[in-house]
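Participant: The opening position of the sequence shown corresponds to residue 0 in numbering that gives the first Met the number 0, with each subsequent residue numbered one higher. Don't be surprised by glycine CBs; every beta carbon is placed ideally from N, CA and C. Nothing here was measured: the structure is a model prediction, and the numbers come from that model.
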Amino acid sequence: MTVSQTPPIPFTTPEALATLHETCATAGLSGRDARLIHLGENALYVLPAEHVVVRIARSVEVLDDVRKEVAVSAWLNDSGIPAARTTSHDQPLIVRGHPVTLWHLIPDSGSPATLDDLAGVLRELHSLTVPADLGLPPLDILSRVSERIHAAPDLTDEDRDFLLARRHELQSAYDALTFPLTPCAVHGDAHNENLIKTTDGTVLLIDFERFAFGPPETDLAVTADEHSVGWGTRADYDRFAERYGFDVLAWEGYPVLRDINELKMTTWLMQKVSENEAIAQEFRNRMHSLRNPDAPRRWRAF
Numbered sequence: 000m001t002v003s004q005t006p007p008i009p010f011t012t013p014e015a016l017a018t019l020h021e022t023c024a025t026a027g028l029s030g031r032d033a034r035l036i037h038l039g040e041n042a043l044y045v046l047p048a049e050h051v052v053v054r055i056a057r058s059v060e061v062l063d064d065v066r067k068e069v070a071v072s073a074w075l076n077d078s079g080i081p082a083a084r085t086t087s088h089d090q091p092l093i094v095r096g097h098p099v100t101l102w103h104l105i106p107d108s109g110s111p112a113t114l115d116d117l118a119g120v121l122r123e124l125h126s127l128t129v130p131a132d133l134g135l136p137p138l139d140i141l142s143r144v145s146e147r148i149h150a151a152p153d154l155t156d157e158d159r160d161f162l163l164a165r166r167h168e169l170q171s172a173y174d175a176l177t178f179p180l181t182p183c184a185v186h187g188d189a190h191n192e193n194l195i196k197t198t199d200g201t202v203l204l205i206d207f208e209r210f211a212f213g214p215p216e217t218d219l220a221v222t223a224d225e226h227s228v229g230w231g232t233r234a235d236y237d238r239f240a241e242r243y244g245f246d247v248l249a250w251e252g253y254p255v256l257r258d259i260n261e262l263k264m265t266t267w268l269m270q271k272v273s274e275n276e277a278i279a280q281e282f283r284n285r286m287h288s289l290r291n292p293d294a295p296r297r298w299r300a301f
């Protein structure tokens, strides 16, 4: 289904809200008491009256990824992995130039999923046989990084040149890696905030836009990297690695994945620097880290 489409405009909170209102009108949903729960690569709104989550992507440039999310959701549920489910609407919609998907609201218990939960879900996901007709693309681990750098309005020329050169250097290093584990379906953004523990204790996997076929080490490195920047303890990480059955920190290729993830985490935050000074300050902190690889990491999560 296609609705109105306009030239791209900045993906701000007002633009996301305008897209939400038009989506609700088009899909026949009530936007009463809609609540923004996240604004980053996507905007996520809860519609309490409908028990629906509206997911709004930045631009039609990611439409293929959005279509993939819908297909992956159906595959995971058919495969026995509890996962977020789309509503029965014909989707994705295109609203104000943004791909939009509609999801059943998950009854969140309020208890965060743990790294132990994440390790178990990843073991199960990585063991699945991927059907040929799912059409998972090969993992492009640095996708969108160049686009973010070129699009950032507040970067100095020096910072832009540094980030682009770093991206090129890391792509070459990644291409030279030899991975010990068997390629499989990977989540692409595998941290425990992409799990929801429901009121009946079930742990559901969410956020499928980065799903791809590639090395499982790339999923495992996300948790290792969060540990390295100060989010969680070494004991937490060790339990995660033991539950999964592989310690990516002990693999000689891990530093390349760590550096790639730090670049991705920095350029993701870069898109939000105009939101408030705290984000702008954290972006400067992360840029300092990238320029000083041996300096201790003390990063704030956003």
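Look at the Cβ atom of residue 196, then the Cβ atom of residue 111, and state whether they are nearer than 9 Å.
Facilitator: In this structure, residue 111 lies closer than 9 Å to residue 196 by Cβ.
Participant: Residue 317 by DSSP, collapsed to three states: which one?
Facilitator: Within the shown structure, residues of the chain are numbered from 0 to 301, placing residue 317 beyond reach of any answer.
Participant: Could you tell me the distance, in whole angstroms, from the CA atom of residue 276 to the CA atom of residue 268?
Facilitator: The straight-line gap from Cα to Cα measures roughly 12 Å.
Participant: Within its chain, find whatever has a CB closer than 8 Å to the CB of residue 141; leave out the 5 residues flanking it on each side and keep chain order.
Facilitator: Cβ within range, chain order: 166, 169, 170, 173, 259, 262 and 263.
Participant: What do you get for residue 300, buried or exposed, if any count of 16 or more other CB atoms within 10 angstroms of its CB means buried?
Facilitator: That one is exposed.
Participant: How is residue 291 classed by DSSP in three states: helix, strand or coil?
Facilitator: In this structure, residue 291 counts as coil in the three-state DSSP scheme.
Participant: Under three-state DSSP, which class holds residue 183?
Facilitator: Here residue 183 sits in strand by DSSP.
Participant: Once you ignore the five residues that flank residue 97 on each side, which residues in its own chain have a CB closer than 6 Å to its CB?
Facilitator: Here the set comprises 18, 55 and 56.
Participant: Please name the residue, chosen from 241, 33, 101 and 247, that lies closest to residue 227 on a Cα-to-Cα basis.
Facilitator: The candidate whose alpha carbon is nearest that of residue 227 is 247.
Participant: Exposed or buried, residue 273, counting other C-beta atoms within 10 Å across all chains shown (16 or more means buried)?
Facilitator: With fewer than 16 Cβ atoms within 10 Å of its Cβ, residue 273 is classed as exposed.
Participant: Hey, out of 104, 147, 211 and 298, whose CA is closest to residue 280's CA?
Facilitator: Checking every option, the nearest Cα to that of residue 280 belongs to 298.
Participant: Does DSSP classify residue 215 as helix, strand or coil?
Facilitator: In this structure, residue 215 counts as coil in the three-state DSSP scheme.
Participant: Which residues does DSSP pair with residue 97 in a beta bridge?
Facilitator: DSSP output for residue 97 lists 94 as bridge partner(s).
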